[in-house]
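The structure appears right after this line, and notes come after that.
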Amino acid sequence: KYGQRMKIIYLKKKDINHKKYSTSRRDVIRGFHGDFKTHKIVSCIYGKIFFVVVDNRKSSNFFFEYDYMNLDDKKRGVLIPPGFGNAFCVLSDLAIFSYVLSYEDEYIDAENQFTIKWNNPNIGIKWPAKNPILSDRDL
Numbered sequence: 009k010y011g012q013r014m015k016i017i018y019l020k021k022k023d024i025n026h027k028k029y030s031t032s033r034r035d036v037i038r039g040f041h042g043d044f045k046t047h048k049i050v051s052c053i054y055g056k057i058f059f060v061v062v063d064n065r066k067s068s069n070f071f072f073e074y075d076y077m078n079l080d081d082k083k084r085g086v087l088i089p090p091g092f093g094n095a096f097c098v099l100s101d102l103a104i105f106s107y108v109l110s111y112e113d114e115y116i117d118a119e120n121q122f123t124i125k126w127n128n129p130n131i132g133i134k135w136p137a138k139n140p141i142l143s144d145r146d147l
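Just so we're aligned, residue 9 is where the sequence shown starts under the numbering used here, counting upward by one.
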């Protein structure tokens, strides 16, 4: 599983380049997004989400394997290493998702990140939303 394969890394305050937040309502699914150089610490600071991490490193023995958990404002953050994508589905009426990013050089914006379809059959997530709400990026 993802959590058992993780290396422990320590980020110092000076290593944090960027913080951002997203707000979503019930049944919103944000698909798998990531890149190959950014470490992310993510958390749900309000509400509750079904959270999934998938290995997108093609050279990995664990390619497209995933782990999942529910996150809410009572749980700590999850470290997402480079090469892994994360996605979530909002379980509460409203959720605020926090990203803390650490990377070298320039920020990798959406147009240069990888996106894996939320319903990719090779991954096979059973999402807890009957009528998911998707952004254009996740269609």
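Where is the CB? At the ideal position from N, CA and C, for every residue including glycine.
Whole angstroms is fine: what's the gap from residue i's alpha carbon to residue j's?
i: Phe44; j: Phe92; result: 8 Å
i: Phe72; j: Ile133; result: 11 Å
i: Asp35; j: Pro129; result: 20 Å
i: Leu102; j: Ala137; result: 14 Å
i: Tyr107; j: Lys56; result: 15 Å
i: Lys27; j: Leu79; result: 18 Å
i: Lys77; j: Asp113; result: Residue 77 is actually Met in this sequence, not Lys. Their backbone Cα atoms lie some 31 Å apart in a straight line.
i: Lys82; j: Glu119; result: 33 Å
i: Ile141; j: Asn69; result: 32 Å
i: Asn139; j: Phe96; result: 14 Å
i: Asp63; j: Ile131; result: 10 Å
i: Ser143; j: Tyr29; result: 16 Å
i: Tyr3; j: Arg145; result: Since the displayed the chain opens at 9 and closes at 147, residue 3 lies outside it and no answer follows.
In chain order, what residues of the same chain have a beta carbon less than 6 Å from the beta carbon of residue i, not counting five sequence neighbours either side?
i: Thr31; result: Ile104
i: Ile53; result: Asp81, Ile104, Ser106
i: Ile49; result: Gly85, Leu87, Val108
i: Tyr111; result: Asn25, Lys45, Thr46
Check whether the Cβ of residue i lies closer than 8 Å to any Cβ atom in chain C.
i: Phe92; result: The structure shown contains no chain C; it is built from a single protein chain.
Let me check one thing: in DSSP terms, what residues is residue i bridge-paired to?
i: Arg38; result: Phe96
i: Tyr54; result: Ile104
i: Lys134; result: According to DSSP, Lys134 bridges with nothing at all.
i: Thr31; result: Ile104
i: Asp151; result: What the structure shows of the chain is the stretch from 9 to 147, and residue 151 is not part of that stretch, so it cannot be assessed.
i: Lys48; result: Ile88, Leu109
Once the 5 residues before and after residue i are set aside, which same chain residues still bring their CB inside 8 Å of it?
i: Lys66; result: none
i: Pro90; result: Gly42, Asp43, Phe44, Lys45, Thr46, His47
message = Under 8 Å: do the stretch 38-52 and the stretch 117-131 share three or more Cβ pairs, one atom per stretch?
response = yes
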